[in-house]
Structures are given as structure tokens and as C-alpha cells.
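Those sequence lines, one after another, are chains A and B.
Residue 212 in my numbering sits at position 212 of the first sequence, and the numbers go up by one each step.
Offset between the second sequence (1-based) and my numbering: plus 1000.
No residue lacks a Cβ here, since even glycine has one placed at the ideal position from N, Cα and C.
Input: a single structure, listed below in C-alpha cells.
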Amino acid sequence: MKRGWAERVHAPTVALGVVVLVVWSLVSWTYGAYVLPSPRHVVIGFVEILRSGEIWTHTAASLSRILVGFGGAVVVSLLLALAAFVSRTARGVVHDVVAILNATSVFVWIVISIIWFGLSSWAPIFTTFMITLPVVASNLVEGVQSVDRRLLEMGDVYRLSGRQKFTAIVVPSTVPYLVAGMKVGFGLALKVSVVAEIFGVTSGIGYIMNYSREILATQMVFVWALVMVLVMLATDKLVFDTLSRRLGAWR
Amino acid sequence: MAVKLAVDEVGKDFLLRVIERVSFTVDAGDFVCLLGPNGCGKTTLLRIIGGLEPASRGGVTLDGEPIVAGRAHARKVGVVFQEDRLLPWKTLRDNVALVLGPLALSPAERAARAQRYLTLVGLAGFEDYHPGRVSGGMRQRAAIARALAIEPDVLLMDEPFGALDAQNRRIMQREIRRIWRDTGRTIVFVTHAIEEAVEIGTTLVMLSARPSTIRALIRNDDPGRRAKLVDDLNTMIMEEVERQQGAHPA
């Protein structure tokens, strides 16, 4: 059953939103726009970047870095998962590497990437890659391990070739794990790449947020934070939810 | 009639000796039911016959060709497992068509054959359903269609109706008997339900308690003696169950 957008909006959430807006306005009025710009100023700022087109240049700059860094992480994760499927030894190694990467702070990669790549786009790309790799890889390896051995045995009974078993059994069982891993990984990529953009690049949401702070345009910090949230929600709904629905149509 | 399948002095050890020594032959077109107490190695024996598990001793030949686990052979073996083992992301039709992939068939022949066997097991009209959308009985029918579709030299079935409710079980027993008559396949069917075996099998092989040997090999060709046969086999299996429990005190 298809529901209209009006029904999908959660009434208590709307109520909470109203309360937040009221309290926000009051605090802004008490402490001044430098500490907390009013909702009205944020809206004005948002319209401004929409008009000037700035919203697209910085969002595109951030997204293109994410696409390279996160895309690279997905590709490498697929290779790692394949290795983990083929060899038990590789599985153990991948498992350990993922654990170590997972335990490493974002800041470590930011500092290292600046040392290695200097003040260029490669710094946020590398940071995004290193942070999202363990998330996507661990999901994929788990997916590969969860492939039902009894289905593979069925494949053996009917003499399916290695390639046939891979495409008919292994890939479809692993895809839901890949989508889940990519969904979490992409959210992380957006958050992390923006932090990395504070250093040394002259475009992207992270850069413009930090720049806005430096020129004391606090309302623009809020505007760009809003842009980030919108990008995140949009990809979640448009890309990942659609993808899961398409792939899970047989359920 | 010609010997189709020969089980020759087959034995199997895991941590303990499960199958001592079992020999029997199956003629082409026979419907053999393997009976015995739980844990006596019925499933293991079936897996050895299917080449899914190596024997510790002895061997199996199908049309004179040895069946050894992990080694390729030219014979075709269809297996229906306790679970349906259908791919949930493929339709029933595609599940059947998948196993026809390795056979030298044109796409049109593949489609026609999948259709023919799905119809044979009573699934006409459900070809485009995914396994999750049909009942357990229908899933097991699809698994049978898949096994038959390769037109196997022998069809192995491992308690295929174990997960079904009583009514569906009875329906499937009648169905498998009909399918067997219609196709003339050679079937080896594992069950621990004696009534089921007497209802559908032409030859009954009763295994003893672990380590198992053949306790009785009975031709089930006199419908008048069925009630008596059920009684006899029930007595036998009770003895074997007691023996198995006595031999391995908890």
C-alpha cells in the first residue's frame, strides 16, 4: 500500500520540531547571532547559496571526493571478500586487518594524509578510503561467510561450475550485506571527508563551513550543516532504500 | 532386470563406527526405501551413494561406474534433501533451469524441460513464484522437479517429507508414487517412517542399530501383506532402537 507523504510525517516529530524552533529563536534572541543565528537567518542563507549556485559547487566537490575515496574502499572490499571466500588463510588476515583499521582514529588518517599528499584533494580522499574500508569490508566478509554451505552442496550435486555457483549462489547471498555496508559506509564517508576538508583544500562543504566560521558568518555554518543533512537523507532514501527494495523484491 | 546401483560392502567411520558393512543392489526402476533407527547412518549411506561423502570401506557403482566423492563421473544423480535447498532469490522455474545449465541443452530445451517437470509435480501456474511465496509442500515439489529435470540415473531422497504436516505428507507420498510410475526413475528414499516406506517402496532395506548392517531386505510386492509387514517392521525397528540405546548408555 502506498502512503501519501502527509501520512508518513510523524506527528510527534513535527511537534518536537516546532518546540526546537521556538527554543532556538529564544536562545538566538538572548545570546545574539554570532553564537546562534536565528532560524530566519539560516533560511535566508540557504536561499542565498541556492541562488548563487554555491550549494552545488561545494556539494559536488565533497561528493566527488567521497565517490573516489568511498568507491575505492568498496572496490578493495570486494577484492578482500573474494579472497576471504577463496582462502581460509586470507579470511583470517582480512579479519585482523579490518579489526586494526576499525580501531584507528579518523585524526590519524587526516594527519598522515596531509603529510603524504600535502594540501590537495587526495588528503580527504585517502582519509575517506581508510575510514570506510573496514566498515564495508567487514560487512562483505560477514556476507561471504554467511553463504549457505548447503546451497553450495546442492550446486555440487548438480555439477554447477565454480562460476555458476558464484553468480547464482554466492553473489545473491552477499549483496544484502554489501548494500548494508555501503549504506553505513557512505554515511561515515560524508561525515569523515567533511572533517578532512577543513585542512588544505579550497572547496567542499567542510572547507566552506570552516571558512564561514573564520569570517564570523555563523549562520552559514548552520546552512552548510543543513546541506550535509539533506545530502545524507537524500542518498539514504533515493539510493540505498531503492536499491534494497529492488534487490529484495523476491522476499 | 538389470542392476542399476550396487552398494558393495560399504562402511563408514566418523568418531565411532557408524556403518559396519552394507551391501545391496538396486534394479533399474526400483523404488528402494532405506529404513532404520535414528542415527544408524541412513543419511550417511545416501550421501555416500550420491558421492557427497567418501566411504571408509567398500564402494558404490552406478551403471557399473564407481561413484567416489569428489571425483567426476558420467552418471547423473539427482538429490532431494531434507530441506528444499531452493535459491530463495530465483523463481521456481529458474531454480529448475539453473541445474540444467551444465547439461548440453539449448535455452529453448532448457525452458521446455523445466516447464515439463514443474507441471509433472503439479506446479503448473506457479512457475514464476519465488520459494518464499509458496508452501513448504510446494517448495519440496519444486525440489523434486529440479532433481527429476536432469533426468537422473538415480534419484536420491533424504526424508524429503520430514518437514511437512501429516496431510501434506500423505499427499506427497501418493504424488511421489505417481511420479515414479510416470517417469520410471530409479529411486532410493530414506525415511524412518515405516508406514511411509511400506506405502511407497517396492524394496525395503532395514538397517540395524549402529554400527549398522542390513537387518532385513524385503520385496514389497504383495498389497495384501502390507498390514502384516508394517507390524513386522515396527517390531524390528523397536528392537534395533533398544539395541542402539543399550549399546551406548547415556
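In this structure residue 1125 of chain B is exposed. Its beta-carbon is surrounded by fewer than 16 other beta-carbon atoms within 10 angstroms. Secondary-structure assignment with DSSP links residue 1219 of chain B through a beta bridge to B:1203. For the C-beta of residue 172 of chain A, the chain B residues within less than 9 Å are, from N- to C-terminus, 1087, 1088, 1089 and 1090. The Cβ atoms of residue 1040 of chain B and residue 1204 of chain B lie no closer than 8 Å to each other. Between the alpha carbons of residue 139 of chain A and residue 168 of chain A lies a distance of about 20 Å.
Look at residue 250 of chain A: its C-beta is under 8 Å from a C-beta on chain B.
Three or more beta-carbon pairs drawn from the segment 1159 to 1169 of chain B and the segment 1136 to 1149 of chain B are found closer than 8 Å, and the two stretches are therefore classed as touching. Contacts with chain A at 8 Å (Cβ-Cβ) do not include residue 1162 of chain B.
Segment contact: the segment 1014 to 1026 of chain B against the segment 1198 to 1214 of chain B, three or more CB-CB distances shorter than 8 Å; contact assigned. Nearest CB-CB separation between residue 1073 of chain B and chain A: not below the 8 Å threshold.
Pairing residue 1183 of chain B with residue 246 of chain A, the inter-Cα distance amounts to about 39 Å.
In chain order, 1102 make up the part of chain B whose C-beta sits under 7 Å from the C-beta of residue 159 of chain A.
Between the segment 210 to 220 of chain A and the segment 33 to 51 of chain A there are three or more C-beta pairs closer than 8 Å, enough to call the two in contact.
Among the residues facing chain A, residue 1052 of chain B is included, as its CB has a counterpart in that chain under 8 Å away. Within chain B, 1087, 1090 and 1098 have C-beta atoms less than 8 Å from the C-beta of residue 168 of chain A, given in sequence order. In this structure, DSSP gives residue 246 of chain A a helical state, which the three-state scheme calls helix. By alpha-carbon distance to residue 1010 of chain B, the top candidate from B:1115, B:1144, B:1114 and B:1059 is B:1059.
Listed along chain A is no residue with a C-beta nearer than 7 Å to that of residue 1187 of chain B; the closest approach is about 15 Å. The alpha-carbon separation between residue 240 of chain A and residue 1153 of chain B amounts to approximately 47 Å. By DSSP's assignment, residue 1034 of chain B forms a beta bridge with B:1190 and B:1205.
Taking a contact to require three or more Cβ pairs closer than 8 Å, the segment 1102 to 1112 of chain B and the segment 185 to 192 of chain A do not qualify as touching. Counting along the chain, residue 1006 of chain B sits inside the beta strand (DSSP E) bounded by residues 1003 to 1013.
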